[in-house]
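Inspection log for the structure reproduced underneath, given as structure tokens.
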Amino acid sequence: MNALFTSVKLATLLVEECCTSQELIDQLQSGVSEMSAENEAAENASEQMVIGAKWLRKMRDAFAKLNNSNCISMIEQEWNLRESLIVENELNANQTLVQYLASSVYAMAIFTGFYTVE
């Protein structure tokens, strides 16, 4: 779990370095606060892992969007498909964790142009 949340912190720092305005930095910090609140409310380590993986994906999304505006709609489409899959299949914490981690890889593949959602 420590490695996952350290990865989120690193991703957050990278995103912050890419922010072009105080408004974006404020949005980023708001997200970090939201993640912390979710983590505090988690009932167990499995839920905390899911929260960490979800926020890792969100930070990768933010990085991709700030650095390649051409990928924004596809990044959002992949996120929506992933969220639908999780909800529709009523995935447990471990399954959801895997989905979020896989989604992070896909987000970077979309960012680099290696993958499309079509």
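Take 1178 as the starting number for the sequence shown in the working numbering and just add one per residue.
Note that CB positions come from ideal geometry on N, CA and C, so glycine has one too.
Keep in mind the model is a prediction, meaning the values are calculated, not measured.
Item: Given a cut-off of 8 Å, decide if residue 1241 and residue 1205 are closer than it, judged by their beta-carbon atoms.; Value: no
Item: Could you give the uninterrupted runs of the alpha helix (DSSP H) lying entirely in the region 1195-1240, keeping only those of 4 residues or more?; Value: 1199-1218
Item: For residue 1294, does the three-state DSSP call read helix, strand or coil?; Value: coil
Item: Taking only the alpha-carbon atoms, compute the straight-line gap between residue 1265 and residue 1245 and give it to the nearest angstrom.; Value: 30 Å
Item: For residue 1257 and residue 1234, I'd like the C-alpha separation in whole angstroms.; Value: 12 Å
Item: Quick check on residue 1269: does DSSP put it in helix, strand or coil?; Value: coil
Item: Determine the closest residue to residue 1274 out of 1253, 1252 and 1260, with distance taken between C-alpha atoms.; Value: 1260
Item: Pull up the CB-CB distance for residue 1254 and residue 1294, whole angstroms please, since I reckon it's below 8 Å.; Value: 5 Å
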